[in-house]
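**Student:** Sharing a structure with you now.
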Amino acid sequence: MTVKFRAPRGTKDILPDDIAEWRLVEETFRQWCTRYGYREIRTPTFEDMGLFERTVGETSDIVQKQMFAVMPYGSRHPIGEEERWILRPEGTAPVARALLEHGLLQQFPIVKVFYIAPIFRYERPQAGRLRQHHQCGVEAIGSSSPLLDVEVIALGFDFLTSVGADGFVINLNSIGCLNENCRPRYRQALIAYLQSHEQRLCEDCQRRLYTNPLRVLDCKEESCQTIVKDAPMSVDFLCDECREHFDAVRKGLDELGIAYELNGRLVRGLDYYTRTVFEFVHPKLGAQSTVLGGGRYDGLIEELGGNPTPGVGFGCGIERVLLVREANAQPKPKDAIVDVFIAVAADAAKDAALKLLYELRRAGIRTECDYLDRSLKAQMRYADKLGARFVLILGDEELRENVVTVRDMQKSEQWKEPSDKIASSLMALVTNSS
RNA sequence: GCGGGCGUAGCUCAGACGGUAAGAGCGUCAGGCUGUGGCCCUGAAGGUCGCGGGUUCGAAUCCCGCCGCUCGCCCCA
Numbered sequence: 003m004t005v006k007f008r009a010p011r012g013t014k015d016i017l018p019d020d021i022a023e024w025r026l027v028e029e030t031f032r033q034w035c036t037r038y039g040y041r042e043i044r045t046p047t048f049e050d051m052g053l054f055e056r057t058v059g060e061t062s063d064i065v066q067k068q069m070f071a072v073m074p075y076g077s078r079h080p081i082g083e084e085e086r087w088i089l090r091p092e093g094t095a096p097v098a099r100a101l102l103e104h105g106l107l108q109q110f111p112i113v114k115v116f117y118i119a120p121i122f123r124y125e126r127p128q129a130g131r132l133r134q135h136h137q138c139g140v141e142a143i144g145s146s147s148p149l150l151d152v153e154v155i156a157l158g159f160d161f162l163t164s165v166g167a168d169g170f171v172i173n174l175n176s177i178g179c180l181n182e183n184c185r186p187r188y189r190q191a192l193i194a195y196l197q198s199h200e201q202r203l204c205e206d207c208q209r210r211l212y213t214n215p216l217r218v219l220d221c222k223e224e225s226c227q228t229i230v231k232d233a234p235m236s237v238d239f240l241c242d243e244c245r246e247h248f249d250a251v252r253k254g255l256d257e258l259g260i261a262y263e264l265n266g267r268l269v270r271g272l273d274y275y276t277r278t279v280f281e282f283v284h285p286k287l288g289a290q291s292t293v294l295g296g297g298r299y300d301g302l303i304e305e306l307g308g309n310p311t312p313g314v315g316f317g318c319g320i321e322r323v324l325l326v327r328e329a330n331a332q333p334k335p336k337d338a339i340v341d342v343f344i345a346v347a348a349d350a351a352k353d354a355a356l357k358l359l360y361e362l363r364r365a366g367i368r369t370e371c372d373y374l375d376r377s378l379k380a381q382m383r384y385a386d387k388l389g390a391r392f393v394l395i396l397g398d399e400e401l402r403e404n405v406v407t408v409r410d411m412q413k414s415e416q417w418k419e420p421s422d423k424i425a426s427s428l429m430a431l432v433t434n435s436s
């Protein structure tokens with residue numbers, strides 16, 4: 003069969019059989035966030051383009067070549083300059099925008115929120131990389147305490163560990179703040195060093211050298227790697243406050259027994275990051291190995307017009323969590339589709355079956371019946387496929403005796419139950435067996 | 001944007017130096033058991049062999065183009 007339409011490139015349908023695992027991941031995430039005192043927030047799927055230009059950065063790949071534009075379509079809608087809408091390419095800026103817009107940062111000294119949302123980036127799809135993927139993430143805004151960095155990392159650690167995605171390595175770095183004697187000083191030192199090797203840098207990096215020199219650090223080109231190996235590291239140029247902050251983050255993680263690796267080349271591709279940056283990478287994941295990434299963004303709120311307010315957070319790719327679970331050989335959760343199936347063995351019993359069907363559903367029991375007028379054998383097979391624990395059989399015999407035959411599919415036992423008591427006794431059976 | 005691999009039934013895949021038949025397993029449906037699931041057995045439905053063109057007496061098989069999927073570069077979750 004040739005289907006007329008397929009899901010757009012880089013998108014995936016999440017089918018009924020997949021849902022149990024998605025729910026497991028999402029609910030585990032919600033549970034950990036709640037334990038840590040984070041509240042859920044939901045923001046629109048599209049936002050003003052300026053929001054991302056301002057925060058993610060004009061020179062970032064996301065802004066330069068990965069955004070999906072949203073615009074009214076059709077002859078009645080000429081393209082307006084003001085309507086520059088973009089499908090959300092990352093989670094932090096929209097949340098910051100919403101908190102500012104509704105004054106939540108005035109109502110609480112510290113605002114801690116989490117989100118689960120689809121993210122859109124126009125990229126070439128490959129293993130672990132989609133054009134629409136889903137991220138769960140947290141943002142903690144209002145304190146520059148290193149213990150908040152520790153909390154966010156610990157939350158990511160607890161979530162991934164308990165959801166069956168363990169085996170990751172936490173990469174940690176500090177890229178300093180914007181004070182003159184911190185990142186700017188490092189930036190200069192880095193540029194000076196790289197300039198002395200400019201001829202041997204790859205084409206991209208020769209350009210990055212002036213637009214975004216830190217990005218040269220995580221270039222994968224071999225020639226660049228060898229140069230970067232001896233490049234100055236940001237941790238050696240931190241100002242006193244940043245140095246102190248970073249030491250405290252490390253101490254806190256040590257205290258909690260959360261292992262990490264210092265990685266001086268970790269810089270991340272979004273402009274709003276300051277100080278702490280981290281990535282949870284998984285060795286079983288292939289080329290796209292980051293499952294969770296984030297850091298501190300002390301300048302973000304101010305950039306969006308708020309009072310200077312520090313913050314820290316992470317984003318975690320749900321599809322990649324699922325890939326890790328698979329690599330870790332975690333079993334896929336499977337739910338029975340219904341508890342009870344009503345099988346009709348004689349046309350005369352159809353009315354009684356109809357009433358019983360709705361009586362059970364309204365009593366809170368997941369109940370299904372046959373809509374294809376199939377043989378009792380076929381109905382039994384179908385009941386089995388649906389995972390029904392009990393099958394109720396209604397036929398001439400049952401009508402005559404005013405009973406219902408109840409079959410326990412697991413125990414292969416069956417008995418007769420008075421019609422008027424069937425709902426209550428099934429209720430008891432279903433709650434006991436689940 | 002640039003490379004590599006692959007497109008045969010709903011799914012997983014056989015079949016390929018061009019030639020006697022479009023196949024298997026799973027799944028679906030029906031029957032064996034005319035009121036009873038899982039196991040087993042029998043049968044059935046389901047395919048323009050991604051699309052278009054070319055070579056040839058003859059193409060799922062060879063060639064070209066396109067489309068799609070996939071993996072990698074890049075970038076990131």
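Residue numbers (the numbering used here): 3 to 436. Think of the CB as a built atom: it goes at the ideal place given N, C-alpha and C, for glycine as much as any other residue. Treat the numbers as computed from the prediction; the structure is a model and nothing was measured.
#1: Which same chain residues end up closer than 6 Å to residue 292 when comparing Cβ atoms and leaving out the 5 residues on each side of it in sequence?
#2: When the Cα atoms are used, what is the spatial distance from residue 193 to residue 236?
#3: Work out the CA separation of residue 383 and residue 118 for me, nearest whole Å.
#4: Could you check how far apart the C-beta atoms of residue 234 and residue 188 are, in whole angstroms? I think they sit under 8 Å.
#5: Would you mind giving the Cβ-Cβ distance between residue 367 and residue 341, rounded to the nearest angstrom? I have them listed as a contact below 8 Å.
#6: Let me make sure I understand the geometry here. Which of 422, 52, 138, 75 has the alpha-carbon closest to that of residue 66?
#7: Are at least three pairs of beta-carbons, each pair with one atom in the region 152-164 and one in the region 250-266, less than 8 Å apart?
#8: DSSP has residue 141 in a bridge; who is on the other side?
#9: Less than 8 Å between the C-beta atoms of residue 27 and residue 324, yes or no?
#10: Which of helix, strand or coil does DSSP assign to residue 345?
#11: How about the region 41-52 and the region 195-208: do they share at least three Cβ pairs that are nearer than 8 Å?
#12: Exposed or buried, which one is residue 5 when buried takes at least 16 other CB atoms within 10 Å?
#13: Alpha helix (DSSP H) containing residue 254: first to last residue?
#14: Measuring straight from C-alpha to C-alpha, what distance separates residue 355 and residue 10?
#15: If you drop the 5 nearest sequence neighbours on each side, which residues of the same chain put their C-beta closer than 7 Å to that of residue 208?
#16: Among residues of its own chain, excluding the 5 on either side of residue 408, which ones have a beta-carbon nearer than 7 Å to its beta-carbon?
#17: Could you pull out every unbroken alpha helix (DSSP H) segment of at least 4 residues lying fully inside the region 353-422, listed in chain order?
#18: Between which two residues does the alpha helix (DSSP H) containing residue 427 stretch?
#19: Quick one: give me the first and last residue of the alpha helix (DSSP H) that residue 53 is part of.
#20: Return helix, strand or coil for residue 70, following the three-state DSSP convention.
#21: Which residues does DSSP pair with residue 294 in a beta bridge?
#22: So, residue 56 versus residue 177, is the Cβ gap smaller than 8 Å?
#23: Can you name, in chain order, every residue of its own chain whose Cβ lies under 7 Å from the Cβ of residue 431, other than the five neighbours on each side?
#24: So which of 364, 246, 376, 336 has the shortest CA-CA distance to residue 347?
#25: Which residue marks the beginning of the beta strand (DSSP E) containing residue 176, and which one marks its end?
#26: At the level of alpha carbons, what is the spacing between residue 23 and residue 296?
#27: Name the two residues that bound the continuous beta strand (DSSP E) containing residue 88.
#28: From residue 103 to residue 311, what does the alpha carbon distance come to, in whole angstroms?
#29: For residue 110, I'd like the list of residues in its chain whose CB is within less than 8 Å of its CB, leaving aside the five on either flank, ordered along the chain.
#30: For residue 93 versus residue 389, is the C-beta spacing smaller than 8 Å?
#31: Inspect the beta-carbon positions of residue 332 and residue 166 and report whether they are closer than 8 Å.
#32: Just how far apart, CA to CA, sit residue 124 and residue 69?
#33: Using the C-alpha atoms, what's the distance from residue 239 back to residue 134?
#34: For residue 21, does the three-state DSSP call read helix, strand or coil?
**Tutor:** In brief:
#1: 281, 283
#2: 12 Å
#3: 38 Å
#4: 7 Å
#5: 5 Å
#6: 52
#7: yes
#8: 115, 315
#9: yes
#10: strand
#11: no
#12: exposed
#13: 242-258
#14: 43 Å
#15: 200
#16: 392, 394, 416, 417, 419
#17: 378-387, 398-403
#18: 424-435
#19: 51-57
#20: coil
#21: 282, 318
#22: no
#23: 392
#24: 376
#25: 171-176
#26: 24 Å
#27: 87-89
#28: 14 Å
#29: 144
#30: no
#31: yes
#32: 6 Å
#33: 38 Å
#34: helix
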